[in-house]
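In UniProt numbering, the protein residues as written are 1 to 214.
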């Protein structure tokens with residue numbers, strides 16, 4: 001299954017939100033420029049020009065540039081990442097994965113590929129997570145609740161076969177997500193080089209299998 005890219009999900013979210021056309025244009029322009037140039041290097045004048053509105057209109061609706069950033073991030077936390085997780089769950093349910101090591105490799109590689117395919121947009125979120133760790137906590141909690149019901153039975157089956165430690169599924173999800181994010185942060189924020197997906201997947205899985213197998 002081909003996953004929907006972040007930019008499309010963002011546009012879809014704005015189209016269904018209670019916003020004026022000008023607000024939608026400003027938010028779309030903000031995401032584009034924050035992704036291309038970075039938050040610090042983007043001015044409200046840049047955003048206004050791309051959105052086709054006056055700079056005064058930007059300030060009228062969003063007050064400050066940080067207000068714009070928060071308005072961009074809100075759909076990611078409340079709608080976009082949960083939708084991305086939903087697509088991932090559909091993939092899991094459509095794939096017969098018999099062993100935990102195979103599940104882990106599939107999950108880690110799939111999420112790394114998606115993150116790197118949406119690298120510019122992910123950079124915005126990760127930079128904000130570094131400054132505000134509570135965002136990662138909120139996101140992990142939201143996704144954990146969403147994933148828990150879908151993968152709880154799968155985890156129990158691995159635990160019954162002695163392939164997975166008998167932790168609750170939320171703790172396992174947090175552990176896996178934490179390690180993946182830990183690898184992605186330096187690669188997305190501090191490097192523009194192509195990531196070796198297979199090598200990174202191998203490293204993450206090797207580490208996690210040592211911690212998650214009995």
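Every residue gets a Cβ at the ideal spot worked out from N, C-alpha and C, and that includes glycine.
query	result
Looking at residue 170: is its Cβ nearer than 8 Å to the Cβ of residue 148?	yes
Here's a check: name, in chain order, each residue in its chain whose Cβ is nearer than 6 Å to the Cβ of residue 165, leaving out the five neighbours to either side.	212 and 214
Do residue 125 and residue 45 come within 8 Å of each other at the CB atom, strictly closer than that value?	no
Kindly indicate which three-state DSSP category residue 176 falls into: helix, strand or coil?	helix
Can you tell which of 178, 161, 139 and 190 has its C-alpha closest to the C-alpha of residue 84?	139
Tell me whether residue 17 sits in a helix, a strand or coil according to DSSP, three-state version.	coil
What do you get for residue 78, buried or exposed, if any count of 16 or more other CB atoms within 10 angstroms of its CB means buried?	exposed
Three-state secondary structure (DSSP) at residue 161?	coil
Using 10 angstroms around the beta-carbon of residue 143, count the other beta-carbons present and answer buried if the total reaches 16, otherwise exposed.	buried
Take every Cβ of the stretch 15-24, pair it with every Cβ of the stretch 96-108, and state whether three or more of those distances are shorter than 8 Å.	no
Can you tell which of 31, 101, 201 and 6 has the C-alpha that lies nearest to the C-alpha of residue 157?	101
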